[in-house]
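Input: a single structure, listed below in C-alpha cells.
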Amino acid sequence: MDESWFCEQINNLIIQENRLSALSEIRMRLYEISDTSDVQLETLITDRLLSAPEFMECLNCKNEAKEQCELAADILSICMSHMSFEQNTLPTILEWTLTHPRSEIKSIVFNTILKQLERQRNNKKPVQISTELLIHILNGLKEEDCKVGVPAIGILTIVLEQHINEEGIKNKLLNMLTSDEIIKCRVYELGVNLAKQSATMLQQVEFLLDRALSELDNDDVLFQVNILEILVALAEQNHGLLYLENRQVFELISRRVENVDQNPIDQLLIPGIMKFFGKTASVQPQKVIVDYPHMIQCLFESILSGNISILPAAFDTFANLTQTKQGKQLLDQNYPVLTKETFEALGSYLRNLSTDLKNRAFNTLEMVFTTDSSTAEIEALLQKWFKNLAGEESMQFLMDYCRNPFPDIKVACLSFIKSVCLHKWGLLALKNTAGFVEFLLDRKIEFDKEAKYKKFELISLLADSDVFDMQINLQLRTYVNEGPYFVQSIFDIATEGN
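Here the sequence shown is numbered in the working numbering, starting from 396 and rising by one per residue.
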C-alpha cells in the first residue's frame, strides 16, 4: 500500500456510485497506516487527500448522502490528527475546511487543532502556528455555532500570547467588539483567559479588559450578567484582583446592589454579582467579607428569603465564602446570628425543597464542612454549625435522606456525611446515632451502583477511625475488604437465617 493506491481511490470519488466503497477503503487504510507509524507516508497521504477537490466534494453532503458525509468527516478527523504545525503547507491544505460552509466540518478541524496544541503544551513543547492559520482561527470566533467558537477560544488562549502585540491582530479583535453580544463575550473570555496567565500578559490585553468593564454600564442586564460571569475567573488571580480593584469594579458592583430599590431591573444582576463576590472570597475572603458588608448582607437575605430562583447562586456563594479557614472564621466573627440562621434555614430546606435544590444544598454543606487542615478553633466552629443545622449533635435527621428512594439524594447526603466524618466530633455524632452504623453496613438495602460506592467510601473512612469498639471496627474492616459491590451468596444468607 502506497501513495498511488490512495490516488486511485481519490479518483474513484469522482463517480457518485463509487464514493461509499472508496471512502470506506480509505478510512480503513488510514487506520492501518496509523498502526505502522510511517510518518512520511501519513504526511504525503494527508496532504494529497486534503488538497483533493474530489474529497472535499464528499464533505458537501446533502441530506440523502448522510453516510457519505459521516465517512468523509471520519477521514478528515484522522487526517487532521496526522498533521504537524511545522508543515508549511498547512494553512493552504486547511483552507478548504476552515472556510467550509458546514459548521460540523469546521468543528472537526478546530477541535483537532485544539487537542494537538494541548498535547504539545502538556509535553512542554513550543507551541506555534503560522500567522495565516492564526487568522483563520480568529475568524472562528465570529462563527454562529458554538462548536466552532468555543474551541477557537481554547486555541487562541494557547497561541495568541506571541501575537497579541501585532497591530493587525489587535485591530481584528477590536473590530469583533462591534459584532453581536455572543461574539463580544467570546472575545472578552479570550482576554480574561490570556490575562490569567501572568501580570505581564494582563497588561497586554488591557485594551480588551477595559472594554469588558465598560459593558457593565450596558442597558442589557442579561449581557451584564454574562460579563460578570466571564470576569469571575480574573478575580481568582491575585494580579487580576489587583486590576479589578484599581478599576474600582467591586465598588461599582456593590453600589448596584445597594441601590437595587431605585432600579428594580438590577435584581436580575444579583445572582451574577453574588457569584462574582463569592469566587473572589474563595481566594481573598477578607477582601469581601470585611470590606463589602452590604454584599454579605445581600447573600444572607437571599438564602433566608427562600426565593427558589436565587437559592442556587446563593448556595454556591455561601460555599465559596466558607471555602477557606479564614472565610469560616470571618463569617462567624462578623455575622454570628445570620450564620446561625442560615444553617437553620438549610436544615429546613433539606426537608422542604425540590430534589434538585436539596442536592444543591447538600453539595454546599459538603464544601462548607470539608477542610484540608484544621485547628481546635475551626473544629469547634464547625461542630457549632452542624448543631445549628441538625438541631442536635446526632445524625438522626440524615438517616431519612440515606433511605430516600432517589439515588441522587442518597449520594449527595452520603457525600455530606463523609465530609462531616472528617472531624472527630462528626465521627462521634454518627456513632451516637442509634442504628446508623448498622444501617450503613447492611448491603441488602442498597441497589444503586453510585450509592454503593459512596457508602463504601464513607465506611472506609469509619474503618480508619478509633471511635468504634472492636466488634464494630471488625465489621467495618470486613466490609472494606469485601469491596463496594460485594454480594452475599444465597447459601450464606440462608445460613444466617437459620
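Just so it is clear, CB atoms sit at the ideal spot from N, CA and C, and this is done for glycine as well. In this text the structure is predicted, and so the values were computed from the model without any measurement.
Worksheet item: How about L639 and A630: do their beta carbons lie closer than 8 Å?
Response: Translated into positions along the sequence shown, residue 639 becomes position 244. Translated into positions along the sequence shown, residue 630 becomes position 235. In this structure, A630 lies closer than 8 Å to L639 by Cβ.
Worksheet item: Along the chain, which unbroken stretches of the alpha helix (DSSP H) at least 4 residues long are found entirely within the stretch 803-861?
Response: 819-826, 831-836 and 844-858
Discussion item. I'd like to know if the stretch 534-544 and the stretch 492-508 are in contact, where contact means that at least 3 CB-CB pairs between them fall below 8 Å.
Written reply: yes
Fill in: Exposure label - G701; buried when at least 16 CB within 10 Å
Counting from one through the sequence shown, the residue named residue 701 turns up at place 306. Burial call: exposed.
Item to complete: Report the residue from N827, V678, L694 and P688 whose alpha carbon sits nearest the alpha carbon of G667.
Response: Residue 667 sits at position 272 when you count from the first residue of the sequence shown. Selection N827, V678, L694 and P688 evaluated against G667 yields L694 as nearest (Cα-Cα).
Discussion item. Does C402 come out as helix, strand or coil in the three-state DSSP assignment?
Written reply: Along the sequence shown, read from residue 1 onward, the residue named residue 402 stands at position 7. Three-state DSSP puts C402 in a helix.
Worksheet item: By Cβ distance, which residues of its chain are closer than 7 Å to E841, with the 5 residues on each side in sequence left out?
Response: Indexing the sequence shown from 1 puts residue 841 at position 446. Only K847 and K850 meet the Cβ criterion.
Worksheet item: Are the CB atoms of N754 and I698 nearer to each other than 8 Å?
Response: Translated into the one-based positions of the sequence shown, residue 754 becomes position 359. Translated into the one-based positions of the sequence shown, residue 698 becomes position 303. In this structure, I698 does not lie closer than 8 Å to N754 by Cβ.
Worksheet item: Can you tell which of Q718, L748, I684 and A714 has the C-alpha that lies nearest to the C-alpha of S704?
Response: Here residue 704 corresponds to residue number 309 of the sequence shown, with the count starting at 1. Cα-wise, what sits closest to S704 is L748.
Practice prompt. Classify D469 as helix, strand or coil using the three-state DSSP reduction.
Written response: Here residue 469 is taken as the residue at index 74 of the sequence shown, counted from 1. Reduced to three states, the DSSP call for D469 is helix.
Practice prompt. Flag this pair as yes or no: are the beta carbons of S525 and P486 separated by less than 8 Å?
Written response: The residue you call residue 525 lines up with position 130 of the sequence shown. The residue you call residue 486 lines up with position 91 of the sequence shown. Against a cut-off of 8 Å, the Cβ pair of P486 and S525 comes out as a contact.
Worksheet entry | Candidates R443, P731, A775 and M596, of which the one nearest S555 by Cα | Residue numbering aside, residue 555 sits at position 160 when the sequence shown is read from its first letter. Looking at the sequence provided, one finds Leu at residue 555 rather than Ser. Of R443, P731, A775 and M596, the residue nearest in Cα terms is M596.
Worksheet item: Are R872 and A858 close, meaning C-beta to C-beta below 8 Å?
Response: One-based indexing of the sequence shown puts residue 872 at position 477. One-based indexing of the sequence shown puts residue 858 at position 463. Yes, the pair counts as a contact, with Cβ atoms nearer than the cut-off.
Worksheet entry | Y687 (DSSP reduced to helix, strand or coil) | In the sequence shown, residue 687 corresponds to position 292, counting from 1. It is coil, neither helix nor strand.
Discussion item. Considering just the uninterrupted stretch of the alpha helix (DSSP H) at C453, what are its terminal residues?
Written reply: On the sequence shown, position 58 is the one that residue 453 refers to. Counting along the chain, C453 sits inside the alpha helix (DSSP H) bounded by residues P448 to L454.
Worksheet item: What number of angstroms, rounded off, separates the C-alpha of I411 from the C-alpha of L425?
Response: For the purposes of this step, residue 411 is identified with residue 16 of the sequence shown, where counting begins at 1. For the purposes of this step, residue 425 is identified with residue 30 of the sequence shown, where counting begins at 1. The question names Ile, but residue 411 in the sequence shown is Gln. C-alpha separation (whole angstroms): 21 Å.
Discussion item. Counting beta carbon pairs with one atom in the stretch 828-838 and one in the stretch 767-777, are three or more of them shorter than 8 Å?
Written reply: no
Discussion item. Which residue wins for smallest C-alpha separation from F881, given the options L856, L836 and M865?
Written reply: Along the sequence shown, one-based indexing puts residue 881 at 486. Out of L856, L836 and M865, L836 has the C-alpha closest to the C-alpha of F881.
Worksheet entry | Expected contact under 8 Å - CB spacing of C464 and L454 to nearest Å | In the sequence shown, the residue the question calls residue 464 occupies position 69. In the sequence shown, the residue the question calls residue 454 occupies position 59. Indeed, because the Cβ distance is near 7 Å, the residues count as touching under 8 Å.
Discussion item. Could you check whether the stretch 561-580 touches the stretch 511-525, counting it as contact only if at least three pairs of C-beta atoms, one from each stretch, sit closer than 8 Å?
Written reply: no
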